[in-house]
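Okay, so the sequence shown: first residue is 401 according to our numbering, each after it adds one.
Right, one structure below, let's go through it.
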Amino acid sequence: MGIVFPETCICCGASTLATGKSICNWCCYDRFANAELTIGEILPAGVHFQFSMWQFDKGGYLQKLLHDLKYNFMMGVGEELGFLTGKTFLENADKDLLEILDVHNPIVVPVPLHHKKERMRGYNQARAIANGINRATRWELAEPGVVSRVKRTKTQTGLSLSDRSENLQGAFQINHKNLFDGRFVVIVDDVYTTGATTFELAGALLDEGITGAGILTVAKA
Ligand SMILES: [Zn+2]
């Protein structure tokens, strides 16, 4: 049985025969607006940076791509997007930030889904993205289950940041506490909107004694 390479870009339909990837070079590098690296005071204490590769084009192609990624079991596409996100971060972050990461033995943690939700969808898209980030950065990737989502939350759409935060309180449980001691945790998700989910996870990890956290996502809404 041979490996079947995709022939057209899942994002725009152009031929990708030359690269064997699922997303063409135009979509990867030129098509979408770059999002900026955020550092400093608008992030909660202990969260050192937030970086998204692309600015979300609401109602557009990026939205459809990330929706498909969430619901249509596209492990390979998630990994490609994660690899690009990790690579773009390394190219955009300044030396000081990369040094802080380096000395604190960074570990990549994809935002976990509640186990019932994951079973329903068949996989966690954040983990697919984290696989790619691990490949691009060589930072350790946390095994599934070291952090879990113990609270099922209703849809967050339309809620303010404070309502979202309240909704998410106690949503995450850290199961392997020693693993994180003194380390820098890079939290990975598909889309960054208000940041409520990643902030709650960062807070739970900071309570367990991590040095700091950063947030990496494919897109920013
Ligand atoms: Zn394309």
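Think of the CB as a built atom: it goes at the ideal place given N, C-alpha and C, for glycine as much as any other residue.
Inside the region 549-575, DSSP marks whole alpha helix (DSSP H) runs of 4 or more residues at positions 561-568, from first to last along the chain. For I533, no beta strand (DSSP E) segment is defined; the enclosing uninterrupted segment is the alpha helix (DSSP H) at 525-537.
Around the beta carbon of T557, a 10 Å sphere encloses fewer than 16 other beta carbons of the protein chains shown; the residue is thus reported as exposed. Excluding sequence positions up to five before and after R564, its CB lies within less than 8 Å of the CB of Q556, T594, A596, T597, all in the same chain and listed in chain order. Contact holds between the region 464-481 and the region 515-529, because three or more Cβ pairs, one in each stretch, are under 8 Å apart. In the DSSP annotation of this structure, the continuous segment of the alpha helix (DSSP H) that includes H467 starts and ends at 461-471.
Proximity to ligand 1 was defined by a C-beta distance below 6 Å to any of its heavy atoms, and the residues meeting it, in sequence along the chain, are C409, C411, C412, A414, I423, C424, W426, C427.
A direct Cα-Cα distance of roughly 16 Å separates I533 from L437.
Distance from the CA of K554 to the CA of T537, rounded to the nearest whole angstrom, comes to 33 Å. C-alpha of I587 to C-alpha of C409: approximately 28 Å in a straight line. With contacts defined as CB atoms closer than 7 Å, I500 and V585 fail to qualify as a contacting pair. For K620, there is no enclosing alpha helix (DSSP H); the enclosing beta strand (DSSP E) covers residues 612-620. For N578, no pairing in a beta bridge is given by DSSP. In this structure, F456 lies near A621, with their beta-carbon atoms less than 7 Å apart. Taking C-beta separations shorter than 6 Å and ignoring five residues to either side along the sequence, the partners of K577 in its chain run E608, following chain order. When the five nearest sequence neighbours on each side are left out, the beta carbons in the same chain lying within less than 8 Å of the beta carbon of V550 are those of H514, G570, A571, F572, Q573, in order along the chain. At a Cβ-Cβ threshold of 7 Å, A613 and A602 count as neighbours. Counting along the chain, the unbroken beta strand (DSSP E) around T438 starts and ends at 437-439.
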